[in-house]
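Notes follow once the structure below has been shown.
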Amino acid sequence: MPISSGSLYDSVKDLNLVVERVALEHLELKLEHMTRRTTVVHLHGTGHEGVGEDVSYEEDLQLAFAEEALPDLAGEHTLDSFSALATGQPGYRPWGLESAALDLALRQAGLSLAEAVGREARPVRFVVSQSDVDGWRAVSPGVRFKLDASDSWTDEVVAELAATGAVDVVDLKGLYEGDWVDATPTADLYGRVARAFPDAWLEDPRLNEETDPALEADHERITWDFPIHSVEDVEALAFAPICLNSKPSRFGSVRRLFDFYEYCEERGIRLYGGGQSELGPGRGQIQHLASLFHPHGPNDVAPKEYNSGPARPGLPESPLPPAGSEPGFR
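Residue numbers (the numbering used here): 2 to 331.
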């Protein structure tokens, strides 16, 4: 199949796929305060298999996810017509289904994603989003970080973190709600972070009459994650962004994700990838996308081993190798 000269989505939307059988695989990881559950979607057809991962956080959605909850996916499709079947599924399930369909379609066509979209795979620079900064630096001195801001960040704590010179992104968590959020959106916290990390991206602040003055001089460093699900969400931002976080599962469909990539590239908006605590193939898939569309980071797509244990040597280090040239999307 020749590479399309049209839009990015045009290069994949007409890929054919044949689905003969669907299987689901439930994964779980016991953490300190919760059990993380995800579901791997396996699409089988013509001797090939495509995989994707539903990374919905709601436990009830994961426990209830069974083949019976899906429409009839068997048959001959294009990627675009398959997308219509995935639309309307709850949570992040649409992305799990569509990423599996993209993987299967590419395998059945004998194409890598890089070939299909006409892009060169590059090494992926990643950051680690773990709070044990000293521990990780002890075993991997070159490691870079994305850190969640916290009300416990006193001037002394912030000064120690800043002195490492290893923090690329500070997530202010200003748009999230819940007991687990430990960063009250105040001018004091935002000002302290902005002054201490003058070269870091400042993600997801809650901007209002109190906090906006604290970051007024730093708008070019403000980046967004939580509110970004489409091009329309980018256009609705209060001011034009310089950089954005891209989490494919938030977009749900390949079309919306690829339209977003194209929109940002045309406007010079920088991107970095973000994960959703993937336990299965979803992690490799977001690394794959980073390799093609935003390899230079700071991508929050560290190998999943970084999220399942204490700081220890022997883990893959940044940058990750470029996405492979074999057919598929993994």
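All C-beta atoms, glycine included, are put in the ideal place defined by N, C-alpha and C.
Asked	Found
Beta-carbon contacts of arginine 37 that lie in its chain and below 7 Å, excluding the five residues immediately before and after	Glu29, Leu30, Ser278 and Leu280
Where leucine 112 falls, given that 16 or more other Cβ within 10 Å makes a residue buried	buried
Whole-angstrom distance between glycine 119 and alanine 75, CA atom to CA atom	29 Å
Limits of the beta strand (DSSP E) - the one that phenylalanine 294 falls within	Not the beta strand (DSSP E): phenylalanine 294 falls in the alpha helix (DSSP H), residues 282-294.
Residue closest to leucine 71, alpha-carbon to alpha-carbon, out of Glu60, Glu59, Asp55 and Thr79	Asp55
Minimum length 3: unbroken beta strand (DSSP E) runs contained in the region 171-247	202-204 and 244-247
Under the three-state DSSP convention, the category serine 100 falls into	helix
Assumed close pair tyrosine 273, proline 299 - CB separation to whole angstroms, cut-off 8 Å	5 Å
Tyrosine 273, enclosing beta strand (DSSP E) - first and last residue	271-274
Glutamate 318 in three-state terms, based on DSSP	coil
Beta-ladder partner(s) of glutamate 113, from DSSP	At residue 113 the sequence reads serine, which differs from the glutamate that was named. Looking at the DSSP assignment, serine 113 forms a beta bridge with Gly329.
Buried or exposed (CB count within 10 angstroms, at least 16 for buried), tryptophan 181	exposed
Beta-bridge pairing of histidine 45 - partner residues as DSSP gives them	Arg22 and Glu50
Other residues of its chain near tyrosine 1: CB distance less than 6 Å, five sequence neighbours each side excluded	Since the displayed the chain opens at 2 and closes at 331, residue 1 lies outside it and no answer follows.
DSSP-derived helix/strand/coil call for phenylalanine 66	coil
Contact the region 15-22 vs the region 213-222: 3+ CB pairs below 8 Å	no
Separation of histidine 34 from proline 317, as counted between CA atoms	26 Å
Contact set for valine 302: own chain, Cβ-Cβ below 6 Å, skip 5 residues either direction	Phe127, Gly274, Gly276, Ile287, Gln288 and Ala291
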